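First the structure, in the form of structure tokens, and then the observations on it.
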Amino acid sequence: MYAEFQRQLYPPEYIALNEWSGFLISKVIYELTKLEIADIIKAQDGKMNISEIAKVTGADEDKLSNYMKSRWYIGISQVFVIVSEICFLFSIDRLLRVAASKGFFRVLDNGVYANNSQSLLLSKDHPHTFRNFFLLYEEIEISSSAKYLAYDLKLQTDNKKEQMTSFAKAHNGLELFEWLSLPDNKERLEIFNKAMVDQDNATDKGLYQDYDWSQYCNAKFVDVAGGVGGFLSQLMTHYPTMKGVLYELPKVIEMSEQLLIVERMIDEQTQSFIYQMDMLMMCLCNGKERTKSDMEKLLDKSGWKFTKITPCRGGFSVIEAVPL
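Using UniProt numbering, the first residue of the sequence shown is number 1, and each one after it goes up by one.
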């Protein structure tokens with residue numbers, strides 16, 4: 001809906017140029033999150049002069065004292081503009097203005113910046129913090145995987161299990177979870193797990209409100225691939241009489257009378273975020289976001305019959321199935 005609204009208000013050239021800079025926005029928000037700018041401003045009654053921000057972060061008012069290196073890749077399909085190993089002297093003021101143009105922080109008079117509801121999501125103690133999700137952009141090196149997106153679009157083998165992902169291509173053959181399991185990546189794995197909880201906090205409200213979970217208030221739930229259990233723990237909080245199992249054996253799932261799958265689904269009205277996640281799933285772990293037809297086929301192969309789908313706010317849907 002927002003994209004259609006944009007098309008009615010702005011010329012296509014403006015929209016295209018604005019979308020082109022998406023790779024830069026992710027990097028800017030990552031750097032501001034890493035610098036804990038939202039927390040710093042929050043500690044000063046929610047607003048702060050740029051010179052004061054610079055002093056607290058240890059950076060020059062106009063420029064950051066250190067170069068920040070990164071590889072940025074932009075484009076779709078086989079068209080990539082690769083900006084490699086470019087050193088930038090970032091101005092904190094410029095970083096904040098870019099972020100403010102996307103709804104993070106407010107620009108006040110005389111070089112003063114203030115938090116808003118969106119920038120507060122970057123703070124550590126926000127109940128629905130999205131801090132770790134934004135840190136994930138750099139910590140799992142998404143940009144380096146995106147470099148090989150064109151490679152990922154070409155099937156190298158008929159057996160998808162043997163096909164190397166974009167992520168593995170960029171990380172010496174190691175797949176995402178193999179790479180995260182390396183001793184040197186212990187902190188990255190922690191951020192990844194926390195980011196999954198951040199994502200649950202951002203999207204699960206619609207799941208709790210838009211699907212009637214009360215009909216299963218005395219049921220036992222098995223949360224497959226539920227990360228560190230963010231969604232399951234919240235569900236148990238809402239319905240304390242439920243029983244929950246995280247990452248259980250196949251036999252436990254087979255004993256279920258009904259299967260509920262919480263998943264993002266692709267259709268003609270899909271939010272752009274889901275299409276973007278579909279690309280990430282392909283790059284990082286050779287996965288995908290599924291259509292209703294895809295889900296029906298998958299369930300059928302697994303011995304389940306699709307019965308119902310309930311779309312929920314936040315991008316997820318609840319799919320119901322029964323044993324064949």
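Cβ coordinates follow ideal geometry from the N, Cα and C atoms, glycine included.
All figures in this text were calculated on a predicted structure; none of them were measured in a lab.
Contact check, residue i vs residue j, beta carbons under 9 Å
| i | j | result |
| --- | --- | --- |
| Leu-121 | Ala-195 | no |
| Leu-135 | Ile-142 | no |
| Ser-145 | Phe-167 | yes |
| Ile-41 | Phe-104 | no |
| Phe-221 | Leu-235 | yes |
| Arg-175 | Cys-285 | First, the amino acid is wrong: residue 175 is Glu here, not Arg. Cβ distance < 9 Å, so Glu-175 and Cys-285 count as in contact. |
| Ile-92 | Ile-29 | no |
| Leu-32 | Leu-96 | yes |
| Lys-308 | Glu-138 | no |
| Ala-25 | Lys-147 | The question names Ala, but residue 25 in the sequence shown is Ile. No, the pair does not count as a contact, with Cβ atoms beyond the cut-off. |
Of the listed residues the options, nearest to residue i (C-alpha basis)
| i | options | result |
| --- | --- | --- |
| Tyr-113 | Asn-18, Lys-47, Ser-91 and Ser-119 | Lys-47 |
| Asn-110 | Lys-301, Tyr-151, Ser-51 and Asn-193 | Ser-51 |
| Ser-214 | Ile-53, Leu-280, Trp-179 and Thr-237 | Thr-237 |
| Ala-219 | Asp-198, Val-245 and Tyr-211 | Val-245 |
| Arg-188 | Thr-307, Pro-12 and Ile-140 | Ile-140 |
| Leu-35 | Lys-55, Ala-150 and Phe-177 | Lys-55 |
| Arg-290 | Lys-301, Glu-190, Ile-53 and Ile-274 | Ile-274 |
| Gln-209 | Arg-313, Asn-18, Lys-147 and Lys-102 | Arg-313 |
| Pro-311 | Leu-24, Leu-9 and Glu-263 | Glu-263 |
| residue 331 | Met-279, Lys-27 and Arg-94 | Since the first residue of the chain shown is 1 and the last is 324, residue 331 is not available in this structure. |
| Gln-163 | Gly-287, Glu-13 and Met-295 | Gly-287 |
| Gly-315 | Asp-294, Lys-301 and Asp-267 | Asp-267 |
| Val-98 | Leu-149, Gly-22, Asn-49 and Phe-177 | Gly-22 |
Per DSSP, cross-strand counterpart(s) of residue i
| i | result |
| --- | --- |
| Arg-94 | Looking at the DSSP assignment, Arg-94 forms no beta bridge with any residue, so it has no partner. |
| Leu-246 | Asp-223 |
| Asn-49 | Val-112 |
| Val-107 | Tyr-113 |
| Lys-305 | Val-322 |
| Arg-290 | Met-265 |
Rounded separation between residue i and residue j - CA only
| i | j | result |
| --- | --- | --- |
| Leu-317 | Asn-116 | For clarity, residue 317 is Ser in the given sequence; the question names Leu instead. Spanning the two alpha carbons is a distance of roughly 29 Å. |
| Ile-261 | Asp-200 | 15 Å |
| Lys-292 | Trp-304 | 14 Å |
| Glu-248 | Asp-223 | Because the pLDDT at Glu-248 is just 43, under 50, the model does not fix this residue reliably, and the value given afterwards should be weighed accordingly. Rounded to the nearest angstrom, the two C-alpha atoms are 8 Å apart. |
| Thr-128 | Asp-212 | According to the sequence displayed, residue 128 carries His and not Thr. Roughly 23 Å separates the two Cα atoms. |
| Met-265 | Gly-58 | 45 Å |
| Ala-100 | Tyr-216 | 43 Å |
| Val-322 | Leu-299 | 9 Å |
| Ile-44 | Leu-108 | The question names Ile, but residue 44 is Gln in the sequence shown. Roughly 15 Å separates the two Cα atoms. |
| Lys-63 | Val-197 | Any reading at Lys-63 must be qualified, since the residue scores a pLDDT of 45, below 50, and its modelled position is unreliable; no value is offered. |
| Lys-186 | Lys-169 | 21 Å |
| Asn-18 | Met-277 | 20 Å |
| Ile-319 | Pro-183 | 37 Å |
| Ser-233 | His-171 | 33 Å |
| Pro-11 | Tyr-239 | 49 Å |
| Val-79 | Phe-306 | The predicted model places Val-79 with a pLDDT of 32, which falls under 50 and marks its position as unreliable; any figure quoted below should be read in that light. One C-alpha to the other measures close to 38 Å. |
| Arg-131 | Trp-20 | 24 Å |
| Lys-297 | Met-281 | 19 Å |
| Ser-119 | Ile-15 | 24 Å |
| Phe-133 | Trp-179 | 18 Å |
| Lys-124 | Leu-324 | 46 Å |
| Glu-13 | Lys-243 | 53 Å |
| Gly-173 | Ala-150 | 17 Å |
| Phe-88 | Arg-94 | Reliability of the predicted coordinates at Phe-88 is poor, the pLDDT of 33 falling under 50, and no value is obtained from them. |
| Asp-294 | Lys-301 | 11 Å |
| Phe-192 | Phe-177 | 10 Å |
| Glu-190 | Thr-241 | 30 Å |
| His-126 | Asn-49 | 22 Å |
Min CB distance residue i to chain D below 9 Å
| i | result |
| --- | --- |
| Gln-44 | Absent from the structure is chain D; it holds one protein chain and no more. |
Task: Contiguous alpha helix (DSSP H) assignments of at least 4 residues, all confined to the region 118-145 - done: Taking only runs of at least 4 residues, the alpha helix (DSSP H) segments lying wholly in the region 118-145 are 131-139.
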